[in-house]
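In what follows, a structure is listed as structure tokens, so that the remarks can point back to it.
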Amino acid sequence: MLKRFLALAMAGTMALTMVGCGGSGAENDAAADDGSDVIKIGGIGPLTGDAASYGVSTKNGAEIAVQEINEAGGVEGKQLELLFEDDECDEQKSVNAYSTLMDQGINVLVGSVTSACSIAVSGESSQDGILQITPSGSAKECTATPNAFRICFTDPLQGQVMAEYIQQQGLSKAAVIYNNGDEYSKGIHDAFVAKFTEAGGEIVADESFTSGDVDFKTQLTKIKGSEADCLFLPFYYTEVAYVSEQAASLGLTLPMFGCDGWDGVIKQLNGDTTNIEGGTFLTPFVPTDPDEKIQAFVKKYNEKYGADPDQFAADGYDAIYAIKLAVEQTGGDLSNEALIDAMTKITLSGLTGDMTFDANGEPNKSAKVAVIENGAYTAKS
Amino acid sequence: MKNKKNIIYAAIAIIVYLLIFTLVETGTASRQLQNLIVPVLVNIMLAVSLNLIVGFLGELTLGHAGFMSVGAYAGCLFTVNCHLPAVIELPIAFVIGGLTAAVFGFIIGIPALRLKGDYLAIVTLGFGEIIRSILNSLDIVGGSGGLKGIDKSSNYTVAYVLTIITLIVISNIIRSCHGRSIKAIRDNVIAAESVGVNVVYYKMFAFVLSAFFAGVAGVLYGQNLGIIKPATFDFNKSIEILVMVVLGGMGNIRGSIIAAIILTLLPELLRDLADYRMLFYALALILMMLFSSNPTLVEFRQRLFTRKKGGK
């Protein structure tokens, strides 16, 4: 008799599946109609799970951009609509989210927020030929397909830029600590070391740790014994907070440099930045930047979501404006080829800098540097 | 009698395939559902193979994602580095993935199977985490960024065939004398030993076989997605598979299939609920669990069915 129950359950599942088919099928047909006056922008990112803060920020930033554009009358007479799906930072779910969005008939895709998910999605999106702009997927392969563009810097580029910047400060003996188990950290580290030595500098200490470590005294003691004149820390703010405190307790007072993962370190240190005073890091976005556009965005974001925006929000915002410019460039033509072609012709003056895009999907934009001074980030160009 | 049953199963398998085929090829199924076919089949393979250990052998392991990752990396590494036509490449990749996972199953099995219950669970959990850490720091497989650039050469037909093979092999083994020995160990080790069942051998047999299919499922997962990263195969993945087995019923293959289908489809079909999606998913899980195990409800269900039986 159990069999009968199972058969029933099976039938139920099947019915459910069929209903699902019918519903989405209809939506598909509606979306195929090109005469609609809405441009549907799909977004994918982690809204739940460990990486949720990235996805939520991106979504919020993108929503503000969409709202602004719609209030100003839309693009080429069309309103924008943002459909954002959760991927839990899982590649399979990211691809699932992508197909759900395709069922809803999106014209362009903003996503995914994280690197691996973005790569998985571009495997699918390149077959559809749809324009994909990842706001913050920094791995090199994110733009490997011809339809994919990105807003943020790549990991190696950050390492190269920081290597040049540090040498411009007249420092030539660097000590490096990096996270061996994190692609982002490792990518920056490798490029930094290559560029720094190539330009005549010397890496006097090269130490590593793995995700989850909280004690860096061994690495720092070694560095203290070396002749280093600066410290490069390419990893996320949680560990940066530990390193800065432990370095101070060991009496290590070298100037510290880092990458955009530092964003958030002041909050992590509860606002007490004595140990990291003067720390300099590469970042696409500083909320305290006096720039008019940035201040207007920060104000809007604060009103709407009650928090200061981070770089992910700025990346999401810029991605939407890149789409707006691309649509204007094509004169309202929403075909994939036209949009992708238009991307290489636009010049976006965004929150994360003025940028153009090359045919490989990479942004050309100048790096911004932020310095930690008196408990706040200060933009420095 | 037995033949008749087999024919029915074969017929069901063919009908389901034809259904999928027509839905996909005519474009009736939405993009979302077409995309979910392979993940569902992967999860069925994982759940059914884990059921062999958890349900039939009666041992709790939490390292199934570990075996899956070993297989996925071995198989996908092969396809990334060898550029043979897909027809030749894929079957070899599946075999490589399965065998590598089986070898790991054997190696882990030697010390682990001397342990029982919670201890085995802890050891296998540790195994999964060790594998993940190693993969994270191995540059040859892309480290923490994952193995990229895998040819996406699998499709739902390949996945379906593999799933059917898994189901045939596992259900036949369970019905064979090997399967009876495995179940005897679960029910009473001492009794099984006293009638001459080689406990160590059969435990290992179940463990290796289960690992093999987890490995094959892993290759399928990687080939379908084009990228695999170590973080995917964490402890949560093992738990996810275990939930499918427990929800479907220990030692119940059909149950595992249904649970795998429902648990893969449910979070996707709930996407319309936006922010409340995970809340409803969790609620649905609790309700299903209650429905399948609460004594009052089970009794109610049984009464319902026995009455029907009486009427017939």
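If you're matching them up, the sequences are chains A and B in order.
The working numbering applies: residue 1131 is where the first sequence begins, and numbers increase by one.
The working numbering applies: residue 376 is where the second sequence begins, and numbers increase by one.
Yeah, the Cβ is synthetic: ideal placement off N, Cα and C, and Gly gets one too.
Could you check where the alpha helix (DSSP H) with residue i kicks off and where it finishes?
i, result
"Ser-569 (chain B)", "564-569"
"Cys-451 (chain B)", "439-456"
"Ala-1192 (chain A)", "1182-1201"
"Ile-482 (chain B)", "461-487"
"Ile-1171 (chain A)", "No alpha helix (DSSP H) holds Ile-1171 (chain A); the beta strand (DSSP E) holding it covers 1168-1175."
"Leu-595 (chain B)", "574-600"
"Val-429 (chain B)", "First-last for Val-429 (chain B): undefined, no H or E at that position."
"Gln-1234 (chain A)", "Note, Gln-1234 (chain A): premise wrong, no alpha helix (DSSP H); not H, not E."
Less than 7 Å between the CB of residue i and some heavy atom of the ligand PLP, yes or no?
i, result
"Lys-1498 (chain A)", "Judged by which ligands are present, the structure shown has none, so any question about the ligand PLP falls away."
What three-state label does DSSP hand residue i in the structure shown?
i, result
"Leu-408 (chain B)", "helix"
"Cys-1219 (chain A)", "coil"
"Val-1344 (chain A)", "coil"
"Tyr-1507 (chain A)", "strand"
"Asp-1463 (chain A)", "coil"
"Met-1386 (chain A)", "strand"
"Gly-1480 (chain A)", "strand"
"Thr-401 (chain B)", "coil"
"Ala-1329 (chain A)", "coil"
"Glu-1206 (chain A)", "coil"
"Gly-1152 (chain A)", "Reliability fails at Gly-1152 (chain A), whose pLDDT of 38 lies under 50, so the model's placement of it is uncertain and the value that follows must be treated cautiously. Residue state, collapsed to three classes: helix."
"Glu-1211 (chain A)", "strand"
"Lys-1498 (chain A)", "strand"
"Ala-1162 (chain A)", "Because Ala-1162 (chain A) sits at a pLDDT of 42, beneath the cut-off of 50, its placement in the model cannot be relied upon, and the point is left open."
"Leu-1380 (chain A)", "coil"
"Thr-681 (chain B)", "helix"
Are the C-beta atoms of residue i and some chain A residue less than 8 Å apart?
i, result
"Thr-607 (chain B)", "yes"
"Ser-519 (chain B)", "yes"
"Ser-444 (chain B)", "no"
"Glu-643 (chain B)", "yes"
"Leu-600 (chain B)", "yes"
"Lys-527 (chain B)", "yes"
"Ser-556 (chain B)", "no"
"Leu-523 (chain B)", "Leu is not the amino acid found at residue 523 (chain B); the sequence shown has Lys there. Cβ-Cβ to chain A under 8 Å: yes for Lys-523 (chain B)."
"Arg-678 (chain B)", "no"
Could you please give the first and the last residue of the uninterrupted beta strand (DSSP E) stretch that includes residue i?
i, result
"Ile-1125 (chain A)", "No answer is possible for residue 1125 (chain A): it lies beyond the span of chain A, which begins at 1131 and ends at 1511."
"Met-1292 (chain A)", "Counting along the chain, Met-1292 (chain A) falls outside any beta strand (DSSP E), though it belongs to the alpha helix (DSSP H) covering 1285-1298."
"Val-1334 (chain A)", "1332-1339"
"Leu-542 (chain B)", "Here Leu-542 (chain B) belongs to no beta strand (DSSP E); instead the alpha helix (DSSP H) covers 531-550."
"Tyr-1308 (chain A)", "1303-1309"
"Asn-1494 (chain A)", "1493-1495"
"Ala-1278 (chain A)", "1278-1280"
"Leu-1412 (chain A)", "1410-1413"
"Phe-1362 (chain A)", "1360-1363"
"Leu-665 (chain B)", "Segment 652-668 is the alpha helix (DSSP H) holding Leu-665 (chain B); no beta strand (DSSP E) there."
"Leu-1239 (chain A)", "1238-1240"
In chain A, what lies closer than 9 Å to residue i by C-beta?
i, result
"Gly-503 (chain B)", "The premise fails here: Gly-503 (chain B) is roughly 16 Å from chain A at the closest Cβ pair, so nothing lies under 9 Å."
Residues of chain B with a CB under 7 Å from the CB of residue i: which are they?
i, result
"Thr-1178 (chain A)", "Met-653"
"Ala-1269 (chain A)", "Gly-520"
"Met-1232 (chain A)", "Arg-406"
"Lys-1316 (chain A)", "Gly-518"
"Cys-1313 (chain A)", "What sits at residue 1313 (chain A) in the sequence shown is Glu, not Cys. Within 7 Å Cβ-Cβ: Gly-518, Ser-519 and Gly-520."
Residue i touches chain A at which residues, Cβ-Cβ below 8 Å?
i, result
"Lys-604 (chain B)", "Glu-1221 and Ala-1246"
"Pro-414 (chain B)", "Gln-1222 and Asn-1226"
Answer yes or no: does any C-beta atom of chain B fall closer than 8 Å to that of residue i?
i, result
"Val-1238 (chain A)", "no"
"Thr-1250 (chain A)", "Sequence inspection shows Ala at residue 1250 (chain A); the Thr mentioned does not correspond to that position. At least one chain B Cβ lies under 8 Å of Ala-1250 (chain A)."
"Asp-1345 (chain A)", "no"
"Asn-1569 (chain A)", "What the structure shows of chain A is the stretch from 1131 to 1511, and residue 1569 (chain A) is not part of that stretch, so it cannot be assessed."
"Gly-1253 (chain A)", "yes"
"Asp-1159 (chain A)", "Any answer about Asp-1159 (chain A) is weak, because its pLDDT of 40 lies below 50 and its placement is not dependable; what the coordinates show is given next. Cβ-Cβ to chain B under 8 Å: no for Asp-1159 (chain A)."
Whose Cβ in chain A lies nearer than 7 Å to the Cβ of residue i?
i, result
"Arg-646 (chain B)", "Glu-1215 and Thr-1230"
"Leu-411 (chain B)", "Asn-1226"
"Asn-511 (chain B)", "Gly-1311"
Closest to residue i by CA distance: which of the options is it?
i, options, result
"Val-583 (chain B)", "B:Leu-452, B:Gly-441 and B:Gly-484", "B:Gly-484"
"Asp-1220 (chain A)", "A:Leu-1177, A:Lys-1325 and A:Asp-1258", "A:Leu-1177"
"Asn-1237 (chain A)", "A:Val-1416, A:Glu-1313 and A:Val-1168", "A:Val-1168"
"Ala-657 (chain B)", "B:Pro-460, B:Phe-675 and B:Pro-642", "B:Pro-642"
"Ala-487 (chain B)", "B:Phe-396, B:Leu-437, B:Asp-514 and B:Gln-407", "B:Leu-437"
"Pro-1364 (chain A)", "A:Gly-1311, A:Pro-1439, A:Glu-1357 and A:Ala-1329", "A:Gly-1311"
Would residue i pass as an interface residue toward chain C - the criterion being a Cβ-Cβ separation below 8 Å?
i, result
"Ala-1269 (chain A)", "No chain C is part of this structure, whose protein chains are labelled A and B."
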